[in-house]
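Visitor: Numbering (the working numbering), first residue to last: 351 to 702.
(1) Which residues in the same chain as residue 678 place their Cβ atom closer than 7 angstroms to its Cβ, once the five residues preceding and following it in sequence are excluded?
(2) Taking only three categories from DSSP, how would you classify residue 675?
(3) Using only CA atoms, which one of 562, 408, 608, 502 lies nearest to residue 353?
(4) Let me check one thing: in DSSP terms, what residues is residue 561 bridge-paired to?
(5) Could you spell out where the beta strand (DSSP E) holding residue 539 opens and where it closes?
(6) In the structure shown, what three-state DSSP assignment does residue 524 receive?
(7) Grab me the residues of residue 681's own chain with a C-beta within less than 7 angstroms of its C-beta, minus the 5 sequence neighbours each way, in chain order.
(8) Distance check for residue 527 and residue 397, CA to CA, integer angstroms please.
(9) Taking residue 516 as the reference, give the member of 497, 488, 505 with the closest Cα.
(10) Return yes when at least one heavy atom of the ligand SAM lies under 7 angstroms from the C-beta of residue 491, else no.
(11) Cβ atoms of residue 481 and residue 429: under 8 angstroms apart, would you say?
(12) For residue 656 and residue 664, I'd like the C-alpha separation in whole angstroms.
(13) Let me confirm a value: residue 371 is counted as buried when at least 16 other C-beta atoms fall within 10 Å, else exposed. Which label applies?
(14) Taking 8 angstroms as the cut-off, decide whether the C-beta atoms of residue 538 and residue 403 are in contact.
(15) Once DSSP output is grouped into helix, strand and coil, what is the label at residue 427?
(16) For residue 560, collect the residues of the same chain with a Cβ closer than 6 angstroms to its Cβ; drop the 5 residues on either side in sequence, then sort them by chain order.
(17) In chain order, what residues of the same chain have a beta carbon less than 6 angstroms from the beta carbon of residue 490, not counting five sequence neighbours either side?
(18) Enumerated in chain order, which unbroken segments of the beta strand (DSSP E) with a length of 3 residues or greater are wholly contained in the region 583–651?
(19) Are there 16 or more other CB atoms within 10 angstroms of the CB of residue 600, so buried, or fewer, so exposed?
(20) Using DSSP's beta-bridge definition, name the partner residues of residue 482.
(21) So residue 531 and residue 394 are supposed to be a Cβ contact under 8 angstroms. How far apart are they, rounded?
(22) Kindly indicate the opening and closing residues of the alpha helix (DSSP H) around residue 504.
(23) Starting from the Cα of residue 654, find the closest Cα among 637, 453, 645 and give me that residue.
(24) Could you give the DSSP three-state label for residue 697: helix, strand or coil?
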């Protein structure tokens, strides 16, 4: 499905096609190494992934800030960018933030920023930053990242309305069981797109703790469209900006509908809500609310580490992000009207 869409619809440049196919080969090779390691160490699959905390929400709603603060807690364990792409052997604690695999990813990350520096102002990750679960899902070829990188309508429809997400989460659990072998901790994970597949996620992680962030849809849509524009320009010289707007509005509608359906079946408190405005105004207070909700202790060591993270990473550290909804055939009034029910349901603060 994905390769056919690449061939027939993506309008890749030669470089874009090579970059996309190389990424698929790399993901498959890493998965083969993971499965080989698990075949030789099957006892790892008996070790539970207990009460993993998943942070999600519409994209650009503060999930990155939240996961970085949570990851600062020494008791927690996040899915780091470098280990998403080079997972074997399982890292020791001293290898999480240093070593050859970290160094290789750091070099690649810095090269990418030189090629597309504007992306850093929108979404920046270091080699050892917590990254998104979709990089675990991509090894199953069922991940939103492919829909972001290219305008591939057939894959978009399949991914949203036909795909079985179960295999992707079954593999993700196996991957986490491998990665925690030498470096344990309470898994704390994030992927903005998880509202699309909460049923599959909680089927594999039944004791998962779920946190959803919320932000003014005008800012969400504008920022997300801008990010996709910059990403797609890395793969194609024919980027349809109106298609980006339509793609994301379609996806966001489904995300909201599915999370609301999940709450109707499991209770309104099955997902804990955090407002972006609160998270930005008082980050530690928002994180404290998450700990209280799940009856978790916020230790002095964790608080100190979170304060240090905030001091090292002020807002705008990697530049400012500007966008214009009109580029994508959208308007502030139209977006706010479209998402009026969502805004009212979750009491989301909006710009005047």
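C-beta atoms are modelled at their ideal positions from N, C-alpha and C, and glycine is treated no differently.
Guide: Put simply:
(1) Start at 1 with the first residue of the chain shown, and residue 678 comes out as number 328. 575, 591, 592, 594, 595, listed in sequence order.
(2) By one-based count along the chain shown, residue 675 stands at place 325. If DSSP states are grouped into helix, strand and coil, residue 675 belongs with the helices.
(3) Position 3 of the chain shown holds residue 353. Checked all of 562, 408, 608, 502; the closest Cα to residue 353 is 502.
(4) Locating residue 561 in the chain shown gives position 211, where the first residue counts as 1. According to DSSP, which records beta bridges pairwise, residue 561 is partnered with 405, 622.
(5) As a first step, residue 539 must be located in the chain shown, where it is residue number 189. 536–540 is the extent of the beta strand (DSSP E) around residue 539.
(6) To locate residue 524, count along the chain shown from 1; it is residue 174. Helix.
(7) Indexing the chain shown from 1 puts residue 681 at position 331. Cβ neighbours of residue 681 beyond the five flanking positions: 675.
(8) Position 47 of the chain shown, counted from the start, is the residue given in the question as residue 397. Position 177 of the chain shown, counted from the start, is the residue given in the question as residue 527. Just so you know, the alpha carbons of residue 397 and residue 527 end up roughly 7 angstroms apart.
(9) To locate residue 516, count along the chain shown from 1; it is residue 166. When only C-alpha atoms are compared, the closest one is 488.
(10) As far as ligands go, the structure on display features none, and thus does not contain the ligand SAM.
(11) In the chain shown, residue 429 corresponds to position 79, counting from 1. In the chain shown, residue 481 corresponds to position 131, counting from 1. Yes, the Cβ-Cβ distance between residue 429 and residue 481 is below 8 angstroms.
(12) Here the question's residue 656 lines up with position 306 in the chain shown. Here the question's residue 664 lines up with position 314 in the chain shown. If you take the alpha carbons of residue 656 and residue 664, they lie about 12 angstroms apart.
(13) On the chain shown, position 21 is the one that residue 371 refers to. Result: exposed.
(14) Within the chain shown, numbered from 1, the residue matching residue 538 stands at position 188. Within the chain shown, numbered from 1, the residue matching residue 403 stands at position 53. It is a contact, given that the beta carbons lie within the stated cut-off.
(15) Position 77 of the chain shown, counting from 1, holds the residue named residue 427. Correct three-state label for residue 427: strand.
(16) Within the chain shown, numbered from 1, the residue matching residue 560 stands at position 210. Only 404, 621 meet the Cβ criterion.
(17) Locating residue 490 in the chain shown gives position 140, where the first residue counts as 1. Within the same chain, residue 490 has close Cβ partners 517, 518, 521.
(18) Runs found: 622–625.
(19) Indexing the chain shown from 1 puts residue 600 at position 250. Residue 600 should be labelled exposed.
(20) For this step, residue 482 is matched to residue 132 along the chain shown. DSSP lists 540 as the bridge partner or partners of residue 482.
(21) Residue 531 sits at position 181 when you count from the first residue of the chain shown. Residue 394 sits at position 44 when you count from the first residue of the chain shown. Rounded to whole angstroms, the Cβ separation of residue 531 and residue 394 is 5 angstroms, and the two are in contact under 8 angstroms.
(22) Stepping through the chain shown from its first residue, residue 504 is reached at position 154. Element bounds for residue 504: 503–511.
(23) In the chain shown, counting from the first residue as 1, residue 654 sits at position 304. When only C-alpha atoms are compared, the closest one is 637.
(24) Locating residue 697 in the chain shown gives position 347, counting from the first residue. Coil at residue 697, not helix or strand.
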